[in-house]
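**Student:**
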Amino acid sequence: MRQHRDAILLSTLLSCMVLFCGFIGREPVAALRSTDDNITRHIAQLRAREAQERAAAAYWLGNRGTAAERAIPALVNLLGDSTQIEVAKYRKPDMPDNNKLTLGEEAAAALVNIGKSSTDALIKILISSPEPYARENAAWALGALHRRQMI
4 MRQHRDAILL STLLSCMVLF CGFIGREPVA ALRSTDDNIT RHIAQLRARE
54 AQERAAAAYW LGNRGTAAER AIPALVNLLG DSTQIEVAKY RKPDMPDNNK
104 LTLGEEAAAA LVNIGKSSTD ALIKILISSP EPYARENAAW ALGALHRRQM
154 I
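Each residue of the sequence shown is one higher than the one before, counting from 4 in the working numbering.
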């Protein structure tokens, strides 16, 4: 009787482990796929007609950090854009005095949030871009990355 009970208990325990591992194993894959799809969609939005939409996409990508590294080339292309945007339309309202930024500044901030992997692209812009505003934003971003690493 005791052997029978132990066998049932062991079988139940193993079944629960298999079910639990099966459900847990699928969730991260689906979450990663969803995040990857969202990153792809936001990279595409960086080419939108409206500057406000491009800025919102840059902000979103920057908030993803290193997960958005493949957005670096598209974000670098926006550094020279001096179009004014209203950050209050896509950021939280508690933002200090920076209600007006440019699209290039938003792209630079996103590159800083993505991290060190954007350094080479920023240096290339700083050295070779014919656009002064792109060089200015690249210099700011490199300084911000340096300050972030020092902390």
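For glycine and all other residues, C-beta sits at the position ideal for the given N, C-alpha and C.
Quick caveat: nothing in here was measured; it's all calculated off a predicted structure.
Starting from the C-beta of Ser85, find all residues in its chain whose C-beta is less than 8 Å away, skip the five residues before and the five after it, and write them out in chain order.
**Tutor:** Walking along the sequence shown from the start, residue 85 turns up at place 82. The answer, listed in chain order, is Thr105, Leu106, Gly107, Tyr136.
**Student:** Could you tell me the alpha carbon to alpha carbon distance between Asn116 and Leu64, rounded to whole angstroms?
**Tutor:** Within the sequence shown, numbered from 1, the residue matching residue 116 stands at position 113. Within the sequence shown, numbered from 1, the residue matching residue 64 stands at position 61. Cα to Cα, the separation comes out at about 9 Å.
**Student:** Which class does Lys95 belong to by DSSP, given the choice of helix, strand or coil?
**Tutor:** Translated into positions along the sequence shown, residue 95 becomes position 92. Here Lys95 carries a coil assignment [DSSP, helix/strand/coil].
**Student:** As a quick exercise: from Ala54, Gln152, Gly68, pick the residue whose alpha carbon is nearest that of Gly83.
**Tutor:** Counted from its first residue, the sequence shown places residue 83 at position 80. Among Ala54, Gln152, Gly68, the Cα nearest to that of Gly83 belongs to Ala54.
**Student:** Which one of Thr69, Asn80, Glu56, Arg73 has the shortest CA to CA distance from Tyr93?
**Tutor:** By one-based count along the sequence shown, residue 93 stands at place 90. If we check each option's Cα against that of Tyr93, Glu56 comes out closest.
**Student:** Give the straight-line distance between the Cα atoms of Asn80 and Gly118, rounded to the nearest whole angstrom.
**Tutor:** Numbered from 1 along the sequence shown, position 77 holds the residue referred to as residue 80. Numbered from 1 along the sequence shown, position 115 holds the residue referred to as residue 118. Cα to Cα, Asn80 sits roughly 17 Å from Gly118.
**Student:** Considering only their Cβ atoms, is the gap separating Ala61 from Ala144 smaller than 7 Å?
**Tutor:** If you number the sequence shown from 1, residue 144 lands on position 141. If you number the sequence shown from 1, residue 61 lands on position 58. It is not a contact, given that the beta carbons lie outside the stated cut-off.
**Student:** For Leu104, name the three-state secondary structure that DSSP assigns.
**Tutor:** Locating residue 104 in the sequence shown gives position 101, where the first residue counts as 1. Three-state result, Leu104: strand.
**Student:** Would you kindly work out how many angstroms separate the C-alpha atoms of Leu129 and Ala71, rounded to a whole number?
**Tutor:** Position 126 of the sequence shown, counted from the start, is the residue given in the question as residue 129. Position 68 of the sequence shown, counted from the start, is the residue given in the question as residue 71. About 22 Å.
**Student:** Could you pull out every unbroken alpha helix (DSSP H) segment of at least 4 residues lying fully inside the segment 51 to 85, listed in chain order?
**Tutor:** 54 to 66, 75 to 79
**Student:** Among His45, Ala91, Asn102, which residue has its Cα nearest to the Cα of Ala77?
**Tutor:** To locate residue 77, count along the sequence shown from 1; it is residue 74. Selected option, being the one with the closest Cα: His45.
**Student:** Please report the straight-line C-alpha distance between Ala47 and Ala74, rounded to a whole angstrom.
**Tutor:** Residue 47 sits at position 44 when you count from the first residue of the sequence shown. Residue 74 sits at position 71 when you count from the first residue of the sequence shown. Near 9 Å, if we compare the C-alpha coordinates of Ala74 and Ala47.
**Student:** Glu89 bridges to which residues according to DSSP?
**Tutor:** Reading the sequence shown from its first residue, position 86 is the one you call residue 89. Its beta-bridge partners are Lys103.
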